[in-house]
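Residue numbering for the sequence shown follows my numbering, starting at 7 and increasing by one per position.
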Amino acid sequence: MDAALRYQKLQTERLLHNILPARIADRLKKAQSAIAESFDRVTVMFADIVGFTEISARRSPTELVELLNLIFSNFDHLSELHGLEKIKTIGDAYMVVGGLPVPTSDHAEAIAEMALDMQQGLSEFNSDTGEALQIRIGIHSGPVVAGVIGTKKFIYDLWGDTVNTASRMESHGIPGTIQVSASTYELLRDKYQFTARGPINIKGKGPMTTYLLAGKLSGQ
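Structure, rendered in structure tokens:
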């Protein structure tokens, strides 16, 4: 293999590892056409930047993209720091999961730590830029199916009721808070401080008891 081909191969592999988990990218390189795996226990988080739409009236499109890139680059750093897998961004929303593609026992705790760090990071961003953005976070734990879709433009994504419920935790949450489901609460209650929000009506789910994550318990 000449130098040009080796360089092209390395570039292709680097791109694959940038958009897919390393384990999944390696399987794709071995020509596995369909990749889908079930995971019994993961924790999914959705986060939405509240107030970002409003600042579009006084910021140029280029400035908006630059601001969003600053925020999401910090989130990407936090996901790596806590051993989590970023799934995707959708507009000004961010999706990340703990417990896959390599199963871990502390998936809920890692997500909780990232969520708290995201709040702190956005607070620092506001101080640096003079903005007043808030973040609304929703978290749920349960089973998912994870896999790759597409043949030319690959996307690693998650499916299942757990994903839908995590999304609802975010969309029915309160700006500036971290709302978790009862299943996530049970995994974290011994190490973290919560405020019970009480049963709230969740679209497509009916009444659900949810909790607001406030921080770590003292001594933890």
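Ideal Cβ placement from N, Cα and C applies to all residues, glycine included.
Shown here for Val102: same chain residues with a beta carbon closer than 6 Å to its own, the five before and five after excluded, namely Met51, Ser85, Leu90, Lys92 in chain order.
Under the three-state reduction of DSSP, Asp54 is assigned to strand. In this structure, Thr190 keeps its C-beta atom at 8 Å or more from the C-beta atom of Ala220. Residue pairing of Phe200 in beta bridges, as defined by DSSP: Leu219.
In terms of CA proximity to His178, Gly144 leads the group Asp167, Val150, Gly144, Leu193. The Cβ-Cβ distance between Ala138 and Glu43 does not fall below 8 Å. For Ile77, the three-state secondary structure derived from DSSP is helix. Per the C-alpha coordinates, the member of Phe78, Lys94, Ile117, Arg64 positioned closest to Tyr162 is Lys94. Of the residues assessed, Gly136 falls on the exposed side of the cut-off, its CB having fewer than 16 other CB atoms within 10 angstroms.
Listed as beta-bridge partners of Lys94 by DSSP are Met101. Residue burial annotation: His83 is exposed, with fewer than 16 other C-beta atoms found within 10 angstroms of its C-beta.
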